[in-house]
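Notes follow once the structure below has been shown.
Numbering (mature numbering (1 follows the signal peptide of the UniProt record, and there is no 0)), first residue to last: -24 to -1, 1 to 903.
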């Protein structure tokens, strides 16, 4: 949908050049400067050199601009054009020289009096404001300052450039636009681009647009546009030729935008309203736009089906309705849409990510179709080759994430040559689809989860030379990966996981950017990593295979690797020290192999690491202190089931981002560090993200694109081995079980209120459970079994409502199990091996004569009020109060006489007061 807009821009630029040439001879000839060097006028050459002086050109892109004798003619400089008649500079076009940086724009630029075309698009001016004098270049017809990253106040001085035909100020960092009062001054404007300018306070923006009678192209994407206020609009002198409107990426939600657009029914060719908040049914207003060729309403909240008025869109070439809430039968949808003339013109149809149901309709009438996206709907039933018998122009096909079955004959020869093929989850097995052998041009192929259980054919790889993405995962494809001599043209993303592939990994797969061969039966070594082509590898997953031998000491090639997973294989030997050369790595998984020795100290150079899982190996030695010093971004650290020894270094408390800390089943001794409260993430409840995602840039088709992958982690949860991915971000756990830890459980652990699971079982811990254990309100799993912990079970433990797994067995707990909704609901086995415990759910009752003993044992429990100390304090208080008053009266005669005299006086005063009150009441009654 962008092609039409690009063509229109080129047409406008060409028209402007013709205009400049026609006017150059008539206007400039009478003003020819006598001081001319070759064809270049000296004053203008100096102005251009001053302009260059304000730029940073580290790549010498403007090397032709200079003062040397051979560079005197500025008309031959890169990006500069002069009039053939006058020699004046009429165009400076530096668009696309992205390595240029701007410090300033020299005011000498106004010396270019005859400049008609100025294009600085792509030069980074690092937030400086557009100079005021830009409004003095009054001869400008064309001004492009897009992607220049100017800042400061919006340059409303461009309103002085009344001859402008083309204006593009997109993608800058201006402050909020205060008004558009300057815009109607440029009445000749045909193209206006203000992408990413903040127009949130401009409620009259449609009125300003209506005052541009010549406007043909309007691009206001990502401008935070408010909805039009219809009562204020005037259409007098408004454009009758507005052909292209892009209002995507705004927050438009009301039908008023449709009413405003309806005034351009006869002229609109391109309309983009994608990525807004438009809701309700698709309005009939589009049916009146008879010239409409490109309509994009994707990523909104539109419901229902397509209106019958769409049948009148005879010029429609592309229709985008993806990511809405459209429902109903696809066949009815297509029948309405192409019942008449549109079937001959439509080239692009995107109805993906909706709720359309039924079978794939007859597409034979759509003979011009080039792109068909119906993925992520609720389509079902069987598709045959007849459905595509007339689609000779089809280039992109996406039917993935439906419930379709492809029943295509083995000898079928499709009429098209596809570049993009996505048939993921479409059942086409058990044979490998032979019709793919006819497709010689595809760069994207996804036939994952297709019930294919065939051998990978020998002809297949010869078709993949130009592939950039290939996904054959989640099938039962078998056979060996033949070591071919060919190379990929690019560095593709290959996903071949969850199949039955066997044999060694061939060398040609090293020239990839993303390689997932997990869950197969591959064997042999991983020496293919020593190829120099592996330097472009960003993602490598070889987990759950049978590869063996040592990891080659050639990892220095993997300078771009972000994710490495070699888990569940038969690798052995030491982890090579060259792992420290993989500086960009964020995920390292070596679980369930036979690695020995210590963690290489070079690993501390990999400061971007977020996930380390080396569990279930034979690694030994102390836990390195540098794990907490150099790798402060760690989120998951799993060293379980190894032979690590020594103590837990206090430096681990510097891991403020850690969510999963698993050192279980080792030989770690001494006490648990008391600084655990410094684990900031564990001390916070919840997590804003459900998963743990990584973003990195990957090379493909000679360009770099940003991609994302989600981490997963496998560990014992509630007694069973689980693998988490989509909800891994919610898991916060500490597992130090099956070690030789001693001492008390530090009270600081109760600050980790975000903990979901805490397992300290099978150690030699002593002391009592801190009464603040109830602070861990997020706990789902608590296992303190098989230690030497004593004392009473704190009553605060019964207030952890989420607790579903508890094990306190085989300790030295005593007294009554606290009463609560939680603790009595567990099986009695969770309290086994504590002979001094009593009360439900145990069958052993607590004897009444032991109540005083129970109270004494609860003295340190903050939740108990009546203790032995309470009774002692009450007795002391009574003795002190009684003898402090009565003892003084008994032993001191003068105080005794004064006290009784005071009582006699008080008695007489009260008697008199009562008598007076009775007398007053009697008198009131007698009246």
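Note that the Cβ used here is the ideal one computed from N, Cα and C, for glycine as well.
- At a Cβ-Cβ threshold of 8 Å, residue 787 and residue 809 count as neighbours.
- Checking the DSSP bridge columns, you'll see residue 470 partnered with 446 and 491.
- Under the DSSP definition of a beta bridge, residue 333 partners with 305 and 354.
- The region 194 to 201 makes contact with the region 157 to 173; the number of CB pairs closer than 8 Å reaches 3 or more.
- Per DSSP, the unbroken alpha helix (DSSP H) holding residue 28 starts and ends at 18 to 29.
- For residue 560, the secondary structure class from DSSP, reduced to helix, strand or coil, is coil.
- Bridge pairing for residue 684: 671 [DSSP].
- With contacts defined as CB atoms closer than 8 Å, residue 247 and residue 278 fail to qualify as a contacting pair.
- Under the three-state reduction of DSSP output, residue 319 falls in the helix class.
- Looking from the CA of residue 43, the closest CA among 61, 495, 18 and 394 belongs to 18.
- Leaving aside the five residues that flank residue 422 on each side, the residues in its chain whose CB is nearer than 6 Å to its CB run, in chain order, 398, 400 and 447.
- Here the region 530 to 538 does not lie against the region 587 to 594, with fewer than 3 beta-carbon pairs under 8 Å apart.
- Counted as a single uninterrupted DSSP element, the alpha helix (DSSP H) harbouring residue 602 occupies residues 602 to 605.
- In the three-state scheme derived from DSSP, where H, G and I count as helix and E and B as strand, residue 414 is classed as helix.
- A distance below 8 Å between beta-carbons, with the five flanking residues on each side excluded, links residue 643 to the following residues of its chain, in chain order: 619, 620, 621, 715 and 716.
- Excluding five sequence positions before and after residue 755, the CB atoms of its chain that fall closer than 8 Å to its own CB belong to 731, 732, 733, 734, 776, 778 and 779, given in chain order.
- If you draw a 10 Å sphere on the C-beta of residue 471, you find 16 or more other C-beta atoms in it, and that means buried.
- Rounded to whole angstroms, the separation of the alpha carbons of residue 204 and residue 218 is 17 Å.
- Here the region 364 to 371 lies against the region 331 to 349, with 3 or more beta-carbon pairs under 8 Å apart.
- Residue 720: member of the beta strand (DSSP E) spanning 716 to 720, first to last residue.
- Spanning the alpha carbons of residue 145 and residue 226 requires a straight line of approximately 17 Å.
- Between the alpha carbons of residue 687 and residue 274 lies a distance of about 30 Å.
- Secondary-structure assignment with DSSP links residue 497 through a beta bridge to 478.
- Burial is judged here by how many other beta carbons sit within 10 angstroms of a residue's own beta carbon; residue 426 has at least 16 and is buried.
- For residue 107, no beta strand (DSSP E) encloses it, and the DSSP letter there is neither H nor E.
- In chain order, 637 and 734 place their CB closer than 6 Å to the CB of residue 710, counting only its own chain and leaving out the 5 sequence neighbours on each side.
- Taking one beta carbon from each stretch, the region 100 to 119 and the region 52 to 60 have fewer than 3 pairs nearer than 8 Å; the two do not touch.
- Sequence-distant partners of residue 377 (beyond 5 residues in either direction) whose C-beta falls short of 6 Å from its own C-beta, in its chain, are 351, 352 and 401.
- Within the model, the alpha-carbon separation for residue 465 versus residue 515 is close to 18 Å.
- Excluding residues up to 5 positions away in sequence, 75 lie with their Cβ nearer than 7 Å to the Cβ of residue 35 in the same chain.
- Under the Cβ criterion (8 Å, minimum of three pairs), the region 177 to 188 counts as touching the region 152 to 165.
- In the three-state scheme derived from DSSP, where H, G and I count as helix and E and B as strand, residue 885 is classed as helix.
- The beta carbons of residue 413 and residue 394 sit no closer together than 8 Å.
- Counting other Cβ atoms within 10 Å of its Cβ, residue 698 stays below 16 and is therefore classed as exposed.
- Comparing C-alpha distances from residue 239 to each of 228, 262 and 249 shows the shortest one belongs to 262.
- Under the three-state reduction of DSSP output, residue 190 falls in the coil class, being neither helix nor strand.
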